[in-house]
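Engineer:
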Amino acid sequence: MWHSKTTIQVRFEPGSQAASFINESPQGRIPVALLLGGDPLYTLTGIIPRSSDIDPLLLGGYLRKKAMVKVPCLSQPLEVPENCDLVIEGYIDKNAQLLTAAACGENTGFYSLGGKEPLIHVTCITHKKNAVLPLIIPGIGLVRSKNNLCKTISAFVETNFEQTVALEVRKLCLPCYSYPIAVAVVSIRKFYPGQTHKVAHGFWGSPLTALNKLLIIVDETVDVYNRYEVNECIRQYYSPSRDTFFSRGPLSINDHASPQRGFGGKMCIDATKKTIPYTHVPSSSPDPCQFYHKSEGNPLENRSDARILVAVDEEIDTDNRELCLWMAINQADPVRDVRIENGILYVDACIKRKGDKGITRPWPNVCCSSPETIRNVDKYWDRLKIGHSVISPSLKIQRLLREGNAQVKE
Numbered sequence: 001m002w003h004s005k006t007t008i009q010v011r012f013e014p015g016s017q018a019a020s021f022i023n024e025s026p027q028g029r030i031p032v033a034l035l036l037g038g039d040p041l042y043t044l045t046g047i048i049p050r051s052s053d054i055d056p057l058l059l060g061g062y063l064r065k066k067a068m069v070k071v072p073c074l075s076q077p078l079e080v081p082e083n084c085d086l087v088i089e090g091y092i093d094k095n096a097q098l099l100t101a102a103a104c105g106e107n108t109g110f111y112s113l114g115g116k117e118p119l120i121h122v123t124c125i126t127h128k129k130n131a132v133l134p135l136i137i138p139g140i141g142l143v144r145s146k147n148n149l150c151k152t153i154s155a156f157v158e159t160n161f162e163q164t165v166a167l168e169v170r171k172l173c174l175p176c177y178s179y180p181i182a183v184a185v186v187s188i189r190k191f192y193p194g195q196t197h198k199v200a201h202g203f204w205g206s207p208l209t210a211l212n213k214l215l216i217i218v219d220e221t222v223d224v225y226n227r228y229e230v231n232e233c234i235r236q237y238y239s240p241s242r243d244t245f246f247s248r249g250p251l252s253i254n255d256h257a258s259p260q261r262g263f264g265g266k267m268c269i270d271a272t273k274k275t276i277p278y279t280h281v282p283s284s285s286p287d288p289c290q291f292y293h294k295s296e297g298n299p300l301e302n303r304s305d306a307r308i309l310v311a312v313d314e315e316i317d318t319d320n321r322e323l324c325l326w327m328a329i330n331q332a333d334p335v336r337d338v339r340i341e342n343g344i345l346y347v348d349a350c351i352k353r354k355g356d357k358g359i360t361r362p363w364p365n366v367c368c369s370s371p372e373t374i375r376n377v378d379k380y381w382d383r384l385k386i387g388h389s390v391i392s393p394s395l396k397i398q399r400l401l402r403e404g405n406a407q408v409k410e
């Protein structure tokens, strides 16, 4: 985000490679080069979780099957790919005071809560003639876009030539309900009791997947990309009282539901076949996870055989499963907002406010365009010549807006 004519404010996850390089560097001024445009793989390889010893351009060359040619920067001792559209060179002063960041839309579908971030002092900007720059438009985490392509490639990379999380991992799916690693469905080759706990500890302890919030583990024969197969495993093999594992650890700094910025609860659901004989009656409901409005007096009415019950706000259509799941992932902390009673897992996925029970941080509003912006975009759509008119996604979630601007008014 531009901060002034000569500075840019940047945000790094505390456990990211960029943050590690900054913290470990003996230099006071750390050279930085931001590259935009060029080969689309530059963007993909830049955000794919990978081992720190794998250069992103090496990964790009592997996927592209050809060498990535680099050229030196003009003002910093760094190299960048030769075909970038725009390069911003500068440095970060480690010893400078961090500044409060402005609120902006995030890939969670909500506004950020600010926080203190470093500045890049710009020393040089170079660009192509008629440069084409990528643009990210924040929106709810359900929009199937190139963000999903990034997640798919990320899953391919993690399971096919790294497997550093756990040797038992066979397939990995990263559903599109929040930031890329918030939710993960993993299939494992299971041999002994407690192996799912081992995988969960390994998953949350790996720098590649440390920001995971909800982990669902199934057997290796299950297609993790098939929602119905995963639901069937939960229906048949999951008992909330026995197969739910809670922990705490680092989360994305964009996760507003966590009690502390970048730190909160984690939950693992063990939906594998059990190796030890036990008495378990599978759920007769075709969908083990069901949603209800918090105002309902008795959520168990007509849902007595559910394994998971999620409370959502009145404005949410409980038949819109993807919207409900998006709310459940982003609006709940597994330790604070989840409880198990009488063999049922209850989740409070309602919008909250600072001052509510257990809420000590401001609560953000959903990313939503104003009616005026929607009308202006619709008005000029045909002039842009970018295809058939698209209904604004904001129309579906405007009813979720609460009083306030980026933050919900207390």
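The working numbering puts the sequence shown at residues 1 to 410.
From the three backbone atoms N, C-alpha and C, an ideal C-beta is built for every residue, glycine too.
(1) May I ask you to report which of helix, strand or coil DSSP gives K19?
(2) Looking at the strands, I want to know which residues DSSP matches up with Y292.
(3) For the alpha helix (DSSP H) that contains L34, what are its first and last residues?
(4) Thinking C-alpha only, which one of P81, I217, H293 is nearest K273?
(5) Here's the rule: buried if 16 or more other CB atoms are within 10 angstroms of the residue's CB, otherwise exposed. What is R242?
(6) In terms of DSSP beta bridges, what is V186 paired with?
(7) When you compare the CB positions of A271 and Y238, do they come within less than 8 Å of one another, or not?
(8) Using the Cβ count rule (16 or more neighbours within 10 Å means buried), how would you classify T360?
(9) Identify whether W381 lies in helix, strand or coil by the three-state DSSP scheme.
(10) Using 8 Å as the cut-off, can you tell me whether the segment 393 to 402 makes contact with the segment 365 to 380, which would need three or more C-beta pairs spanning the two stretches below that distance?
(11) Should F203 be labelled buried (16 or more other beta-carbon atoms within 10 Å of its own) or exposed?
(12) What residue range does the beta strand (DSSP E) around V347 cover?
(13) Could you check how far apart the C-beta atoms of T7 and V122 are, in whole angstroms? I think they sit under 8 Å.
(14) So, for T275: in the same chain, excluding its five sequence neighbours on each side, which residues have a beta-carbon less than 8 Å away from its beta-carbon?
(15) Of the residues G115, S4, D39, A96, which one's Cα is nearest the Cα of G28?
(16) Can you name the start and end residues of the alpha helix (DSSP H) that I329 belongs to?
(17) Please check the pair L215 and C176, which I expect to be a contact at CB under 8 Å, by giving their CB distance rounded to whole angstroms.
(18) For E89, list the residues DSSP reports as bridge partners.
(19) Can you find the residues in the same chain that come closer than 6 Å, C-beta to C-beta, to R11, ignoring five residues on each side of it along the sequence?
(20) Just reading off the beta strand (DSSP E) that D270 is part of, what are its end residues?
(21) If you measure between the beta carbons of K266 and P180, is that distance less than 8 Å?
(22) For S394, collect the residues of the same chain with a Cβ closer than 7 Å to its Cβ; drop the 5 residues on either side in sequence, then sort them by chain order.
(23) Determine the DSSP secondary structure at P240, reduced to helix, strand or coil.
(24) Identify every residue that forms a DSSP beta bridge with Q9.
(25) Output the distance between the C-alpha atoms of I92 and I125, rounded to the nearest integer angstrom.
(26) A306: which of T244, L41, P286 sits nearest, CA to CA?
(27) Between A406 and Y111, is the Cβ-Cβ spacing less than 8 Å?
(28) Quick check on DSSP: helix, strand or coil for I340?
(29) Since L211 and P259 are thought to touch, with beta carbons under 8 Å apart, how far apart are those beta carbons, to the nearest angstrom?
(30) CB-CB under 7 Å to A19, same chain, minus the five flanking residues each way: which ones, in chain order?
(31) Taking the DSSP output, what are the residues bridged to E79?
(32) How should I4 be labelled, buried or exposed, when 16 other C-beta atoms within 10 angstroms of its C-beta is the threshold for buried?
Structural biologist: Reading from the atomic positions:
(1) First, the amino acid is wrong: residue 19 is Ala here, not Lys. The answer is helix: DSSP assigns A19 an H, G or I state.
(2) A311
(3) First-last for L34: 29 to 36, but that is the beta strand (DSSP E), not the alpha helix (DSSP H).
(4) I217
(5) exposed
(6) L172, I217
(7) yes
(8) exposed
(9) helix
(10) yes
(11) buried
(12) 344 to 348
(13) 7 Å
(14) K190, F191, Y192, P193
(15) A96
(16) 321 to 331
(17) About 16 Å; that fails the 8 Å criterion.
(18) A33, C124
(19) E117
(20) 263 to 270
(21) no
(22) C368, S369, I374
(23) helix
(24) L119
(25) 16 Å
(26) P286
(27) yes
(28) strand
(29) About 16 Å separates the two Cβ atoms, so there is no contact after all.
(30) F12, E13
(31) P72
(32) In the sequence as displayed, the identity of residue 4 is Ser instead of Ile. Counting Cβ neighbours within 10 Å, S4 comes out exposed, since fewer than 16 surround it.
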